[in-house]
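Asks:
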Amino acid sequence: MQITGIEKQKKNSERYNIYIDGTYSFSAELEDIIKYDIKIDRNISENELSILIQKCEINKGYRYALNLLNVKDYSKKEFIDKLKQKGYSEKSIDIIINKLEEYGLIDDFKYANKYVRKKINMNKLGKLRIINELKLKGVNNNIVEKINFDEDKMLNNAYNLAIKKLKGNKNENEDLTKVARFLYYKGYTNEEIKKVLKKIDKDIEWE
321 MQITGIEKQK KNSERYNIYI DGTYSFSAEL EDIIKYDIKI DRNISENELS ILIQKCEINK
381 GYRYALNLLN VKDYSKKEFI DKLKQKGYSE KSIDIIINKL EEYGLIDDFK YANKYVRKKI
441 NMNKLGKLRI INELKLKGVN NNIVEKINFD EDKMLNNAYN LAIKKLKGNK NENEDLTKVA
501 RFLYYKGYTN EEIKKVLKKI DKDIEWE
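Numbering (my numbering), first residue to last: 321 to 527.
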């Protein structure tokens, strides 16, 4: 087999289409073309072509992952799902993920701790909902169990959310039931909800 054409893509000027024996075979960036000595009239075996295609795919996937990281943080599972959606092979995905982990760009423990701080400080969510969201993102139980949740901060958040939910209404039975349901939806534990309701009942003069 022989490389018979190298053409710049119309929609992506940074990538080139590589043709083998007159037929499109794969795409590569200029860096790949130079690094792997991709040039017209080069003879190449099927095995060499297979290895070359995978190397170019891995480099493309790694750059794609770095671009994702420039926008937001991702868990390991989310990265894998993103790469699968783009059509990368399982072998390429494994290599890309291992490289990201090696450089500390994927770290589910750091990701989870940062996620927890954000959800507590910005979204005022409770522990139960945060843990459930982390599990949906593929963070395993061993990591979740090591996370330090600021219990005092969450309890204070729950109290402030409850006060805001009351909005000046003081119909004890009806409003406290609504508050309890709301806090449960936000992910607070039954014990936390009981403490908040007890404090509210102490702080507010009901009509």
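In this text, a Cβ means the ideal position worked out from N, Cα and C, and glycines have one as well.
This one's a predicted model, so the numbers in the text were calculated from it and none came from an experiment.
(1) What is the C-beta distance between LYS447 and PHE469, in whole angstroms, given that I count them as a contact (C-beta under 8 Å)?
(2) Select from ALA478, ASP523, ILE416, ASN462 the residue whose C-alpha is nearest the C-alpha of ASN443.
(3) Please go through the same chain and pick out, in chain order, the residues whose beta-carbon is closer than 8 Å to the beta-carbon of LYS375, but skip the five residues on each side of it.
(4) On a Cα-Cα basis, can you pick out the residue from THR509, LEU517, ARG362 that is closest to LYS498?
(5) Please classify GLY507: does DSSP put it in a helix, a strand, or coil?
(6) Could you pull the DSSP bridge partners for ALA528 from this structure?
(7) In the DSSP assignment, the alpha helix (DSSP H) including LYS411 goes from what residue to what residue?
(8) Return helix, strand or coil for ASN443, following the three-state DSSP convention.
(9) Please report the Cβ distance between LYS397 and GLY325, rounded to the nearest whole angstrom; I am assuming they are in contact, meaning their Cβ atoms lie under 8 Å.
(10) State buried or exposed for VAL391, treating a residue as buried only when at least 16 other CB atoms are found within 10 Å of its CB.
(11) State the DSSP-derived secondary structure class of GLU327, mapped to helix, strand or coil.
(12) Could you tell me if GLU366 is buried or exposed, where buried requires 16 or more neighbouring beta carbons within 10 angstroms of its beta carbon?
Replies: Let me spell this out:
(1) 5 Å
(2) ALA478
(3) ASP352, TYR356
(4) LEU517
(5) If DSSP states are grouped into helix, strand and coil, GLY507 belongs with coil.
(6) The structure shown has nothing for residue 528, since the chain only spans 321 to 527.
(7) Counting along the chain, the alpha helix (DSSP H) containing LYS411 begins and ends at 410 to 422.
(8) coil
(9) About 39 Å; that fails the 8 Å criterion.
(10) Around the beta carbon of VAL391, fewer than 16 other beta carbons sit within 10 angstroms, so the residue counts as exposed.
(11) strand
(12) exposed
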